[in-house]
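Participant: Numbering (our numbering), first residue to last: 521 to 715. Idealized CB from N, CA, C, for every residue including glycine.
#1: Would you call the segment 681-688 and the segment 540-551 touching, i.e. three or more CB-CB distances under 8 Å?
#2: If you draw a straight line from the C-alpha of residue 713 to the C-alpha of residue 567, how long is it?
#3: Check whether the segment 548-560 and the segment 609-629 are in contact - that is, three or more C-beta pairs closer than 8 Å.
#4: Count the C-beta pairs between the segment 559-573 and the segment 581-599 that are closer than 8 Å, then say yes if the count reaches three, no if not.
#5: Per DSSP, which residues does residue 580 bridge with? Please list them.
#6: Determine, using beta-carbon pairs with one atom in the segment 669-679 and one in the segment 637-645, whether at least three such pairs fall under 8 Å.
#7: Could you spell out the range, first to last residue, of the alpha helix (DSSP H) harbouring residue 631?
#8: Is the beta carbon of residue 528 sitting closer than 7 Å to the one on residue 558?
#9: Determine the extent of the beta strand (DSSP E) in which residue 612 is found, giving its start and end residues.
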């Protein structure tokens, strides 16, 4: 089990990052809303990781905060939730907001996460209430308060787009009804490709 990685960012894309650890490049899946807080290629990074092993695949999932990994592994303990949906949940909103939504039994907010219908959201609340880590991050340098739009702008800037273009594309995506970071980025990228 690979529990953490410390290395140099080789590449950084919405589908994951590559971390060079002593000459070995590890592909790590990360939540989309963490992408803007991941250092630039060439810079050092430390990730808490979860290793998922299947007959046909070995996948690494990386998190900047230990709490994110705890929430992810707790999600995997629920029947019917695999790593893909677990990552979608953490990509859909900052982990602190997710914990609050579960504790407040906020089904409408949880069902805005792609792949999470009202029934699954209700089941998550039932199974997770009281089991999730408390999110008193104190002096953490990572702000969990960024809105999905701000995170989407940062992600696009990190992908090489100019900030004014990224802002315009994200604004366009939000006005089109996108409100979850994955959808905002997808729509914004479509808009940028058309320009």
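Facilitator: In terms of the structure at hand:
#1: Contact between the segment 681-688 and the segment 540-551 is absent: fewer than three C-beta pairs spanning the two stretches fall below 8 Å.
#2: Counting from 1 along the chain shown, the entry for residue 713 is found at position 193. Counting from 1 along the chain shown, the entry for residue 567 is found at position 47. Linking residue 713 to residue 567 through their CA atoms gives a straight-line distance of about 32 Å.
#3: Result yes; three or more Cβ-Cβ pairs closer than 8 Å.
#4: The segment 559-573, when compared against the segment 581-599, does touch it at the 8 Å Cβ threshold.
#5: Numbered from its first residue, the chain shown carries residue 580 at position 60. According to DSSP, residue 580 bridges with 548, 571.
#6: The segment 669-679 vs the segment 637-645: no contact.
#7: Translated into the one-based positions of the chain shown, residue 631 becomes position 111. Element bounds for residue 631: n/a, residue is neither H nor E.
#8: For the purposes of this step, residue 528 is identified with residue 8 of the chain shown, where counting begins at 1. For the purposes of this step, residue 558 is identified with residue 38 of the chain shown, where counting begins at 1. The answer is no: Cβ separation not under 7 Å.
#9: Taking the first residue of the chain shown as position 1, residue 612 is located at position 92. Per DSSP, residue 612 belongs to no beta strand (DSSP E); it is in the alpha helix (DSSP H), 603-612.
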